[in-house]
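**Q** If you read the sequence shown in this note's numbering, its first letter stands for residue 130, the second for the next number, and so on. In this text, a Cβ means the ideal position worked out from N, Cα and C, and glycines have one as well. Since this is a predicted model, take the numbers as computed values, not measurements.
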Amino acid sequence: MGTKRNTDMSENTDVIKIVSATKSEATATETGEEQQIVTKPKKEKTRSAKYISARSKVDKTKLYDPFAAIELIKRLSYSKFDGTIVAHVVVREVGMSIDLSLPHSTGKALTVVIASDEVLAEIEAGNINFDVLVSSKEFMPKLTKYARVLGPKGLMPNPKNGTLTSNPEVAKKQLEAGKISIKTEKKAPLMHITVGKVSMDTKDLVENMQALLTTLKGKVLKLSIAATMSPSVKVDPTVIEVV
């Protein structure tokens with residue numbers, strides 16, 4: 130008759146100690162030796178002295194009114210070039226898209242062309258010297274030949290963003306004046322909209338933000354702005370009068 134195995138861990142000399150290990154990192158063995166897994170700490174993101182100095186001037190608990198926020202960002206921007214001011218907007222749902230017309234130029238000039246035989250010849254030659262292509266519905270059959278070239282670049286005319294229209298001349302003027310199409314990120318209810326340049330007049334920048342908030346009326350949850358090289362500043366969207 131066999132003897133009963135003693136399972137009392139206090140008498141077992143083959144106890145193994147595993148430190149800071151996951152199941153995938155280590156498994157118990159019967160060697161009786163101590164095994165230790167060292168997990169390397171994540172590296173913290175380093176910030177420049179200029180950024181840290183600028184960030185210290187921002188009250189992170191405060192919602193600034195748009196005028197004060199823009200004035201502060203203009204002072205905090207430390208790039209040697211004319212930085213771009215971008216509004217980061219959290220909206221209510223993913224997949225939202227809007228058409229936005231700003232009253233003042235954002236400092237980025239768009240080259241808009243209307244589809245024609247001459248433009249097609251340039252595309253055929255590999256010369257795409259435009260940012261936006263506008264077309265009439267009648268001309269689209271000629272453009273389908275170049276869908277593989279224009280599509281990946283986001284240049285294929287589309288009725289959703291106003292580039293496929295019965296009146297391409299009017300659409301061209303609107304786009305050159307600052308009309309843009311904006312959508313959220315694919316997996317987050319977040320929009321990034323260029324408001325203008327640091328060198329622009331504060332009044333013009335505020336009016337661009339007002340146009341943005343008018344278009345997004347009732348859909349904005351949070352808003353912050355930042356220049357190309359600056360910390361972000363939280364903005365109270367309710368301060369701007371929405372017309």
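Take Val278 as the anchor and find which of Thr367, Thr240, Pro297 and Asn256 has the nearest alpha-carbon.
**A** Among Thr367, Thr240, Pro297 and Asn256, the Cα nearest to that of Val278 is on Asn256.
**Q** Give the single residue among Met358, Lys271, Leu345 and Ser353 whose Cα lies nearest to the Cα of Asp365.
**A** Here the closest residue by C-alpha is Ser353.
**Q** When you compare only the Cα positions, how much space is there between Ala216 and Val324?
**A** Rounded to the nearest angstrom, the two C-alpha atoms are 6 Å apart.
**Q** Considering Cα atoms alone, identify which of Tyr193, Lys363, Ser359 and Thr367 is closest to Arg184.
**A** Comparing Cα-Cα distances from Arg184 to each of Tyr193, Lys363, Ser359 and Thr367, the minimum goes to Ser359.
**Q** Taking the alpha-carbon of Gln303 as reference, which of Leu262, Leu249 and Ser206 has the nearest alpha-carbon?
**A** The shortest Cα separation from Gln303 among Leu262, Leu249 and Ser206 belongs to Leu262.
**Q** In angstroms with no decimal places, state the Cα-to-Cα distance between Gly347 and Thr357.
**A** For Gly347 and Thr357, the distance between alpha carbons rounds to 28 Å.
**Q** Roughly how many angstroms separate the alpha carbons of Thr230 and Lys308, rounded to a whole number?
**A** Thr is not the amino acid found at residue 230; the sequence shown has Ser there. Cα to Cα, Ser230 sits roughly 4 Å from Lys308.
**Q** What residue does the beta strand (DSSP E) around Asp228 start on, and which one ends it?
**A** Unbroken beta strand (DSSP E) run through Asp228: Ser226 to Ser230.
**Q** Less than 8 Å between the C-beta atoms of Val223 and Lys289, yes or no?
**A** For Val223 and Lys289, no; Cβs fall outside 8 Å.
**Q** Give every residue of the same chain whose Cβ lies closer than 6 Å to the Cβ of Leu192, excluding the five residues on either side of it in the sequence, and list them in chain order.
**A** For Leu192, where only same-chain residues beyond five positions count, the Cβ hits under 6 Å are Lys363 and Asp365.
**Q** Ends of the beta strand (DSSP E) at Ala254?
**A** Here Ala254 belongs to no beta strand (DSSP E), and DSSP marks it neither H nor E.
**Q** What does DSSP give as the partner residues of Thr323 in its beta bridges?
**A** Answer by DSSP bridge pairing, in chain order: Val215.
**Q** With which residues is Ile311 paired in a DSSP beta bridge?
**A** Ile227.
**Q** From which residue to which residue does the alpha helix (DSSP H) around Ser182 run?
**A** Counting along the chain, the alpha helix (DSSP H) containing Ser182 begins and ends at Ala178 to Arg184.
**Q** Per DSSP, what kind of secondary structure is Leu352 in: helix, strand or coil?
**A** It is a strand residue.
**Q** Less than 8 Å separating the beta-carbons of Val368 and Asp194?
**A** For Val368 and Asp194, yes; Cβs fall inside 8 Å.
**Q** I need the straight-line Cα distance from Lys209 to Arg176, nearest angstrom please.
**A** Their backbone Cα atoms lie some 17 Å apart in a straight line.
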